[in-house]
Amino acid sequence: MAMVSFVSHDGETHTASLDEGQSLMQVATNNAVPGVDGDCGGEAACGTCHVIVDPQWSERVGLSGPDEEQMLAMNPEREPTSRLSCQMAVCDAWDGLTVRLPEFQM
Amino acid sequence: MTGPRAVIVGASHAGAQLAASLRQEGWTGEVVLVGDESALPYQRPPLSKALLAGKSTLEDLAIRSAAFYAKQEIQLLDATIKSIDRTAGHLVLGNGESLGYDKLALCTGARPRRLLVPGALLGGVYYLRTAKDVELIRGAASPGQRAVIVGGGYVGLETAASLRALGLDVTVLEATERVLERVTAPEVSAFFERIHRDAGVGIRTNALVEAIAGDTQVREVLLSGGESIRADFVIVGIGVEPNTELASASGLVVDNGIAIDDRARTSDPGIVAAGDCTSRTMASHGRRVRLECVPSAGEQAKVAAATLCGKAKEITALPWFWSDQYDVKLQIAGLNTGYDEVVLSGDPRQDRDFTCFYLRQGVLIAADCVNRPREFMMTKRLLAQGAPLLGRAELAAPDLTDVRG
Numbered sequence: 020m021a022m023v024s025f026v027s028h029d030g031e032t033h034t035a036s037l038d039e040g041q042s043l044m045q046v047a048t049n050n051a052v053p054g055v056d057g058d059c060g061g062e063a064a065c066g067t068c069h070v071i072v073d074p075q076w077s078e079r080v081g082l083s084g085p086d087e088e089q090m091l092a093m094n095p096e097r098e099p100t101s102r103l104s105c106q107m108a109v110c111d112a113w114d115g116l117t118v119r120l121p122e123f124q125m
Numbered sequence: 022m023t024g025p026r027a028v029i030v031g032a033s034h035a036g037a038q039l040a041a042s043l044r045q046e047g048w049t050g051e052v053v054l055v056g057d058e059s060a061l062p063y064q065r066p067p068l069s070k071a072l073l074a075g076k077s078t079l080e081d082l083a084i085r086s087a088a089f090y091a092k093q094e095i096q097l098l099d100a101t102i103k104s105i106d107r108t109a110g111h112l113v114l115g116n117g118e119s120l121g122y123d124k125l126a127l128c129t130g131a132r133p134r135r136l137l138v139p140g141a142l143l144g145g146v147y148y149l150r151t152a153k154d155v156e157l158i159r160g161a162a163s164p165g166q167r168a169v170i171v172g173g174g175y176v177g178l179e180t181a182a183s184l185r186a187l188g189l190d191v192t193v194l195e196a197t198e199r200v201l202e203r204v205t206a207p208e209v210s211a212f213f214e215r216i217h218r219d220a221g222v223g224i225r226t227n228a229l230v231e232a233i234a235g236d237t238q239v240r241e242v243l244l245s246g247g248e249s250i251r252a253d254f255v256i257v258g259i260g261v262e263p264n265t266e267l268a269s270a271s272g273l274v275v276d277n278g279i280a281i282d283d284r285a286r287t288s289d290p291g292i293v294a295a296g297d298c299t300s301r302t303m304a305s306h307g308r309r310v311r312l313e314c315v316p317s318a319g320e321q322a323k324v325a326a327a328t329l330c331g332k333a334k335e336i337t338a339l340p341w342f343w344s345d346q347y348d349v350k351l352q353i354a355g356l357n358t359g360y361d362e363v364v365l366s367g368d369p370r371q372d373r374d375f376t377c378f379y380l381r382q383g384v385l386i387a388a389d390c391v392n393r394p395r396e397f398m399m400t401k402r403l404l405a406q407g408a409p410l411l412g413r414a415e416l417a418a419p420d421l422t423d424v425r426g
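Protein sequences, first through last, are from chains A and B.
Counting from 20, one number per residue, gives the positions in the first sequence under my numbering.
Counting from 22, one number per residue, gives the positions in the second sequence under my numbering.
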């Protein structure tokens, strides 16, 4: 089973299985991963599902698109590989992916 | 699972979040989430958008998966509630059975305000609040048909956009002089009227519905001036009313919503409430406010869960909202109630992206951001930091790099 790891700001790791067809935000909320809110339900409208992709993975999972970019631009915890996880459709090939979570979802 | 039992009445955004947050806050007893719709708790905002337009299914809209509730040992109970017996600590269900609770949360939501005119009960008059409502509307909506929408608020306008996308002929009837009259500045209303007219929607303002005519099925909508508008079906979107009957019948204080404090406690400190059914005094507004929005429901639910677990959290997040119509994404940060000035960044008369900032005595209190996510996020941050005094020129052409860090 393909797995993804979410590393919280204080270093705690939550692992969840990837369900193809879901967004990474849904994977997090369906597995009670703390630190991913997803308040708008996946519309890229709230910015509360911010994750920072392990740079080694960023080529495979892609960088943020224009809408995400606008939402992330004002975020003080923003990093080059930041994404809104609701805009990331997961696939089995992402087995082993690690993302970090910011201290605050704003 | 044994131990104390928390019962949550209402399984929409607030209820589902409260259940999840109880587990995050360390509640180890039972959690029973009672709802009167058979589906898993689902997201309501997409009902008038993606679900109505046929771009997603109800399964897609589940807030969390069935596996989540199973794994978190959250029991979903499909039932209605007749009454609350606070002395005995139990609920009486619709079927007469009783359900005991140690902790109780009320997330009863709101229901559409009914249109009270002759003919309002004819076949083909719909409301839009639940997935079932959307199913009925989709069954009635086929290309070329005439839909009349009563109410030019967010639900009415989003529905208009979705029905246009399905190829229907759409007319929106707004009773006041402009759409979104209650919630936005005239400049923003004019923008939305323009984009809807450009999309072929008939927008009629100052249009008071006097009656709906037809034999058993809607045929036309009669306006107060004597005019009639042909309709194959009607959708009414004239606001919501909070579901407070259970609370008031059990003696809880209700004041335009179940009255809660900053820790989501009702007038009975052992009972919390969250979501569209509540009202709370907002320090920034100096009065009790009832918010109808998902982010607020989520925030209140998180605090309510903490309160039930004996932790001291307070509702602090500022409200925000969003609406999608055509290619336009409107994001609203803050509450503009009581504004005395607006500053525009961009030109709503001709652009398809602009921001309308709302100020009260020179202080930024809210912003309507149309296709301007950066300014939305900027405003959210500025308001969270304590609304600063910003010059009008700064707002009209915000230097977005300045507020970072």
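Heads up, the beta-carbon is just placed ideally off N, CA and C, and yes, glycines get one too.
Since the model is a prediction, treat every value here as computed from it, not as a measurement.
Within-8 angstroms CB hit, residue i to chain A
i: residue 314 of chain B; result: no
i: residue 133 of chain B; result: no
i: residue 319 of chain B; result: yes
i: residue 303 of chain B; result: no
i: residue 424 of chain B; result: Residue confidence for residue 424 of chain B is low, a pLDDT of 43 falling below 50, so the modelled location carries little weight; the figure read from the coordinates is stated next. Closer than 8 angstroms to some Cβ of chain A, the Cβ of residue 424 of chain B qualifies, so yes.
Neighbour flag for residue i against chain B, beta carbons, 8 angstroms
i: residue 89 of chain A; result: yes
i: residue 20 of chain A; result: no
i: residue 32 of chain A; result: no
i: residue 48 of chain A; result: yes
Partner residues on chain B for residue i, Cβ-Cβ distance less than 9 angstroms
i: residue 51 of chain A; result: 41, 44, 45, 85, 89, 92, 93
i: residue 86 of chain A; result: 350, 394
Length of the line joining the Cα atoms of residue i and residue j
i: residue 368 of chain B; j: residue 374 of chain B; result: 8 angstroms
i: residue 357 of chain B; j: residue 344 of chain B; result: 16 angstroms
i: residue 92 of chain A; j: residue 403 of chain B; result: 14 angstroms
i: residue 269 of chain B; j: residue 171 of chain B; result: 30 angstroms
i: residue 117 of chain A; j: residue 284 of chain B; result: 36 angstroms
i: residue 60 of chain B; j: residue 62 of chain A; result: 21 angstroms
i: residue 425 of chain B; j: residue 95 of chain A; result: Legend: pLDDT at residue 425 of chain B = 37, less than 50; position of this residue unreliable, value from coordinates given subsequently. Taking the straight line from one Cα to the other gives about 6 angstroms.
i: residue 238 of chain B; j: residue 78 of chain B; result: 28 angstroms
i: residue 23 of chain A; j: residue 323 of chain B; result: 26 angstroms
i: residue 251 of chain B; j: residue 264 of chain B; result: 33 angstroms
i: residue 211 of chain B; j: residue 179 of chain B; result: 16 angstroms
i: residue 114 of chain B; j: residue 331 of chain B; result: 28 angstroms
i: residue 112 of chain B; j: residue 105 of chain B; result: 5 angstroms
i: residue 207 of chain B; j: residue 213 of chain B; result: 10 angstroms
i: residue 197 of chain B; j: residue 88 of chain B; result: 47 angstroms
i: residue 228 of chain B; j: residue 101 of chain B; result: 37 angstroms
i: residue 155 of chain B; j: residue 162 of chain B; result: 10 angstroms
i: residue 128 of chain B; j: residue 28 of chain B; result: 10 angstroms
i: residue 86 of chain B; j: residue 55 of chain A; result: 16 angstroms
i: residue 69 of chain B; j: residue 142 of chain B; result: 22 angstroms
i: residue 59 of chain A; j: residue 247 of chain B; result: 43 angstroms
Chain-ordered chain A contacts of residue i [CB-CB under 7 angstroms]
i: residue 352 of chain B; result: 64
i: residue 64 of chain B; result: 60
i: residue 402 of chain B; result: 93, 125
Exposed unless 16 or more other CB atoms sit within 10 angstroms - verdict on residue i
i: residue 298 of chain B; result: buried
i: residue 277 of chain B; result: exposed
i: residue 318 of chain B; result: buried
i: residue 245 of chain B; result: exposed
i: residue 423 of chain B; result: Only weak support is given to the placement of residue 423 of chain B: the predicted model assigns it a pLDDT of 44, under 50, and the value that follows is read from those uncertain coordinates. When all chains shown are included, residue 423 of chain B counts as exposed.
i: residue 254 of chain B; result: buried
i: residue 105 of chain A; result: buried
i: residue 398 of chain B; result: buried
i: residue 290 of chain B; result: exposed
i: residue 118 of chain B; result: exposed
i: residue 62 of chain B; result: buried
i: residue 342 of chain B; result: buried
Interface partners of residue i on chain B, CB under 7 angstroms
i: residue 108 of chain A; result: Ordered by position in chain B, no residue passes the 7 angstroms Cβ test against residue 108 of chain A, which lies about 13 angstroms from the chain.
i: residue 29 of chain A; result: Chain B residues near residue 29 of chain A: none, gap ~15 angstroms exceeds 7 angstroms.
i: residue 59 of chain A; result: 343
Span of the alpha helix (DSSP H), counted from its first residue to its last, around residue i
i: residue 286 of chain B; result: Premise fails: residue 286 of chain B is in no alpha helix (DSSP H) and is neither H nor E.
i: residue 404 of chain B; result: 394–405
i: residue 148 of chain B; result: Careful: residue 148 of chain B lies outside any alpha helix (DSSP H), inside the beta strand (DSSP E) at 146–148.
i: residue 86 of chain A; result: 85–91
i: residue 234 of chain B; result: Per DSSP, residue 234 of chain B belongs to no alpha helix (DSSP H); it is in the beta strand (DSSP E), 230–235.
i: residue 34 of chain B; result: 34–45
First and last residue of the uninterrupted beta strand (DSSP E) at residue i
i: residue 101 of chain A; result: 101–103
i: residue 22 of chain A; result: 22–26
i: residue 33 of chain A; result: 32–36
i: residue 297 of chain B; result: Residue 297 of chain B -> no beta strand (DSSP E), and no H or E assigned at all.
Residues of the region 328–349 of chain B whose Cβ lies closer than 8 angstroms to any Cβ of chain D, in chain order: Given the protein chain composition of this structure (A and B), no chain D is represented.
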